[in-house]
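*Asks:* Letter 172 of the sequence shown, counting from 1, is numbered 187 in my numbering, and no numbers are missing. For glycine and all other residues, C-beta sits at the position ideal for the given N, C-alpha and C.
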Amino acid sequence: MSSTLPHSTGEEKEVGFLDQTLRPSRWNEYIGQTAIKDNLHILLTAAKERDHPPEHILFYGPPGLGKTTLAHLIAKETKAQMKVTSGPAILKVGDLASILTNLSSGDILFIDEIHRLNKAIEEVLYPAMESGTLDIIIGKGPSARTIQLDLPRFTLIAATTRIAMLSAPLRSRFSGGVFKLEFYTNKEIGEIVKRSAKILDIEIHDEAVEEIAVRSRFTPRTANYHLKRCRDYAQINKVPLSRDIVEKALSLLGVDTIGLTAADREILKTIITKFGGGPVGLNTIAAALAEEQATVEEVYEPYLIQLGLLERTPRGRIATDKAYAHLGEKGSAKLL
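#1: Since glutamate 137 contacts leucine 185 with CB under 8 Å, what's their CB separation in whole angstroms?
#2: Can you find the residues in the same chain that come closer than 8 Å, C-beta to C-beta, to lysine 284, ignoring five residues on each side of it along the sequence?
#3: Can you check DSSP and say which residues form a bridge with leucine 256?
#4: Do you know offhand how far isoleucine 260's Cα is from lysine 209's?
#5: With a Cβ-Cβ cutoff of 7 Å, do tyrosine 75 and isoleucine 178 count as a contact?
#6: Where does proline 103 land, buried or exposed, given buried means 16+ other C-beta within 10 angstroms?
#7: For glycine 274 and aspartate 247, I'd like the C-alpha separation in whole angstroms.
#8: Return the chain-ordered ranges of every alpha helix (DSSP H) run that is complete within the stretch 190-253 and spans a minimum of 4 residues.
#9: Could you check if threonine 19 is buried or exposed, using at least 16 other CB atoms within 10 Å of its CB as the buried criterion?
#10: I think proline 68 touches leucine 59, with their Cβ atoms under 8 Å apart; what is that distance to the nearest whole Å?
#11: In whole angstroms, what separates the C-alpha of glutamate 26 from that of leucine 319?
#12: For a quick check, are the C-beta atoms of leucine 181 and leucine 80 less than 7 Å apart?
#13: Does the beta-carbon of proline 329 have 16 or more other beta-carbons within 10 angstroms, so that it is buried, or is it exposed?
#14: What is the DSSP secondary structure of threonine 370, counted as helix, strand or coil?
#15: Run through DSSP, which three-state label would isoleucine 46 get?
#16: Going along the chain, which unbroken runs of the beta strand (DSSP E) with 3 or more residues stay wholly within the stretch 289-322?
#17: Phenylalanine 169 to aspartate 110, Cα distance in whole Å?
#18: Quick check: the stretch 84-99 against the stretch 35-55, are there 3 or more CB pairs under 8 Å?
#19: Can you find the residues in the same chain that come closer than 8 Å, C-beta to C-beta, to leucine 297, ignoring five residues on each side of it along the sequence?
#20: If we count the other Cβ atoms within 10 Å of its Cβ and call it buried at 16 or more, is isoleucine 286 buried or exposed?
#21: Alpha carbon to alpha carbon, how far is serine 211 from proline 39? Give it in angstroms, no decimals.
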């Protein structure tokens, strides 16, 4: 059975940047993360009734799960102006002071990748978040003096992919809540793919939606990327977006039936063929693949572990029986 959406007419409904076009603009368009949305509804409604800006909020989790989208939705829900920056962009205390002093009452300041703020800038941020003051030191040495500026009431929304790198004092100042975004289910990813297909005016079959969903690593950003590449393949071949077309398009990208990329498979094959299935240390795997340890650990391993293809043990990484079966390799995982 297929659910057919209008076929592309050549004039795509794409205004500006495509990723921005696909981003939900209303709460009822945001799929998944139900617990977080429920908590935010209470927080925002209560703040609105008190005629007070919402308290500071921190979102964390893997990239592509919707942290930035939630920040934009909060701004729209509260009808507030939002200023956007990122941790790496704030190089010195003066940069942060300039941003904070240009805020108006009720504004939202969104800082992406906040874990990359240096400690000196964090120290300036503490009183700004707690008491709405900004302490600036003018001059150096014995003649230095401190000026305290009062800031308008504002809400800081921060996002990070590495919450462990945030200092405890900074985490504790997010009085509105610290929310972890979870991976999506295949059903939720399917709903996101259907919505994106409708926005892009793509004809797509239900079976194709399911195929994209199971290969999207439980991540909306990956699902939208796959949809766009499959759309391109279907457009070039002048055919509707069916399961067969999805399989062919994603095969060209090196994405297999469970969403593994060529790099994912290479990691598993290296552990199985070069190191007898493990256990093998992370540094050894990285050296064998000519990759950085952080890339292997933070980019590839989480999905492999989530699928049960890889295990982390005190003695190193082990490829599981499921990994052997998926790759068609003979043998079995070692038991410690």
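*Replies:* Taking the geometry as given:
#1: Right, the Cβ-Cβ distance comes to about 5 Å (below 8 Å), so this counts as a contact.
#2: The beta carbon of lysine 284 sits closer than 8 Å to the beta carbons of Leu342, Glu344 from its chain, once the five residues preceding and following it are set aside; these are given in chain order.
#3: According to DSSP, leucine 256 bridges with Ile219.
#4: Their backbone Cα atoms lie some 16 Å apart in a straight line.
#5: Yes, they are a contact pair.
#6: Of the other Cβ atoms in all chains shown, fewer than 16 fall within 10 Å of the Cβ of proline 103; this residue is therefore exposed.
#7: If I take the Cα positions, the gap works out to 19 Å.
#8: Segments of the alpha helix (DSSP H) lying fully in the stretch 190-253: 201-214, 221-229, 235-252.
#9: For threonine 19, the pLDDT reaches just 41, beneath the cut-off of 50, and the residue's location in the model is therefore unreliable, although a value from the coordinates is still provided. Result: exposed.
#10: The pair is not a contact, with the Cβ atoms about 10 Å apart (cut-off 8 Å).
#11: With a pLDDT of 41 at glutamate 26, under the threshold of 50, the predicted position of this residue should be treated as unreliable, though the coordinate-derived value follows. Pairing glutamate 26 with leucine 319, the inter-Cα distance amounts to about 39 Å.
#12: Going by C-beta atoms, leucine 181 is not nearer than 7 Å to leucine 80.
#13: Exposed, because fewer than 16 other Cβ atoms sit within 10 Å of the Cβ of proline 329.
#14: Because the chain in this structure spans residues 16 to 351, residue 370 falls outside the shown range and cannot be described.
#15: If DSSP states are grouped into helix, strand and coil, isoleucine 46 belongs with coil.
#16: Fully enclosed beta strand (DSSP E) runs of 3 or longer: not present.
#17: Roughly 17 Å between the two C-alpha positions.
#18: Result yes; three or more Cβ-Cβ pairs closer than 8 Å.
#19: Hits under 8 Å: Gln308, Val311, Glu312, Gly331, Arg332.
#20: So isoleucine 286 ends up on the buried side.
#21: Those two C-alpha atoms are separated by around 10 Å.
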